[in-house]
Amino acid sequence: MSKWSSYYLIRIEFLGFRYHGWQKQNKLKTIQGMVDKTFKFVLGHDNFKTLGCGRTDAKVSADDFVFELFLDEFSDELFLMNRLNSELPSDIRVTSVKETSADFNIIQNPKIKEYHYYFSFGEKSHPFNAPIIRHFGMELDIASMQQAAALFLGTHNFKRYVSKPSENTLFERTILTSKIEPNTRFIETYAPINTFVFKVRSKGFLRYQVRLMFAALLAVGRGEWNLLDLQNSLTNYDGSQMNRIAPSSGLILHKVVF
61 MSKWSSYYLI RIEFLGFRYH GWQKQNKLKT IQGMVDKTFK FVLGHDNFKT LGCGRTDAKV
121 SADDFVFELF LDEFSDELFL MNRLNSELPS DIRVTSVKET SADFNIIQNP KIKEYHYYFS
181 FGEKSHPFNA PIIRHFGMEL DIASMQQAAA LFLGTHNFKR YVSKPSENTL FERTILTSKI
241 EPNTRFIETY APINTFVFKV RSKGFLRYQV RLMFAALLAV GRGEWNLLDL QNSLTNYDGS
301 QMNRIAPSSG LILHKVVF
């Protein structure tokens with residue numbers, strides 16, 4: 061029998077630039093560590109557990125990250141949201157708290173994740189953009205990158221787009237969305253002119269897969285790869301692993317749908 065009697069799904073937004081990802085790590089500042097510290101203060105005890113919908117890399121941000129809270133007592137949803145937001149640092153915000161059931165499994169329940177990678181190129185942009193828009197100094201062929209992004213659509217073996225897989229890793233993944241568009245979201249005073257976003261959506265991603273996919277698109281944009289090279293990386297999946305990975309700042313977990 062479970063020791064917990066109440067279960068909550070909590071959605072948060074966060075700017076990940078000063079954190080080492082979601083998952084708690086010894087002697088490192090993480091989102092989960094900050095959330096748990098806040099819960100301990102708000103609840104007045106440490107008899108609870110938090111479990112995220114996945115991991116995020118250091119410096120990755122989120123519009124919509126979901127975690128489950130396990131308690132042995134009932135707590136009002138609105139109270140939890142208001143108290144958390146009053147105590148969490150300004151770079152983490154709770155957007156919703158909803159009670160769920162003991163049957164819900166945040167890890168195993170099917171979910172679709174959408175990531176956005178914001179980037180600019182050419183003349184160096186204002187430092188204020190660093191947490192959310194990754195700058196690349198060289199010129200990029202955006203039209204070729206857009207064509208290349210479309211090649212990821214559908215079901216492929218992403219064996220070359222993963223870091224340190226285990227013996228049981230399933231490499232086949234279905235990409236539901238893969239496209240590059242002009243940035244229309246971050247267009248404030250300091251935003252650079254040549255700013256774009258890579259949008260990718262799937263039911264599941266491998267470790268570092270999104271950043272490795274974008275690194276391949278960058279190779280196309282720089283003229284180091286052509287479209288056939290990228291296509292071959294998906295069909296000749298016994299070839300060498302991708303040896304470049306895109307920086308984590310610029311990557312945002314945009315949406316999680318169960």
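According to my numbering, the sequence shown is numbered sequentially starting from 61. Built from N, CA and C at the ideal position, the CB exists for glycine as well.
- For residue 155, the enclosing beta strand (DSSP E) stretches over residues 152-160.
- With a contact defined as Cβ atoms closer than 8 Å, residue 238 and residue 213 qualify at about 5 Å.
- The DSSP assignment places 172-181 as complete runs of the beta strand (DSSP E) inside the segment 157-195, in order along the chain (cut-off: 3 residues).
- In the displayed model, residue 253 falls within coil according to three-state DSSP, outside both helix and strand.
- For residue 109, the enclosing beta strand (DSSP E) stretches over residues 108-112.
- Counting along the chain, residue 308 sits inside no alpha helix (DSSP H), nor does DSSP assign it H or E at all.
- Excluding its 5 nearest sequence neighbours in each direction, residue 275 has C-beta neighbours in its own chain below 8 Å: 302, 304, 305, 306, listed in chain order.
- Between residue 204 and residue 281, the CB-CB gap stays under 8 Å.
- Exclusion of the five residues before and after residue 156 leaves 71 as the residues of its chain whose Cβ lies within less than 6 Å of its Cβ.
- The C-alpha of residue 76 lies about 13 Å from the C-alpha of residue 189.
- Residue 74 and residue 129 have their C-alpha atoms roughly 17 Å apart.
- Annotated as distal: residue 176 and residue 91, with beta-carbon spacing of 8 Å or more.
- In the DSSP secondary-structure assignment, residue 216 is bridged to 233.
- By the criterion of at least three beta-carbon pairs nearer than 8 Å, the segment 150-168 is in contact with the segment 118-136.
- DSSP, read as helix, strand or coil, puts residue 118 in coil.
- Partner residues in the beta bridge of residue 242, as assigned by DSSP, are 256.
- Beta-bridge analysis with DSSP links residue 131 to 66, 108.
- DSSP places residue 289 in the uninterrupted alpha helix (DSSP H) bounded by 287-295.
- For residue 224, the number of other beta carbons within 10 angstroms of its own is below 16, and it is reported as exposed.
- Excluding sequence positions up to five before and after residue 88, its CB lies within less than 6 Å of the CB of 80, all in the same chain and listed in chain order.
- Taking the Cα of residue 147 as reference, the smallest distance to any Cα among 97, 293, 183 is reached at 97.
- Around the Cβ of residue 278, a 10 Å sphere holds 16 or more other Cβ atoms; the residue is buried.
- Judged by beta-carbon spacing, residue 66 lies beyond the 8 Å limit of residue 137, meaning their Cβ atoms are not closer than that value.
- Residue state for residue 227 is assigned as coil, using DSSP reduced to three classes.
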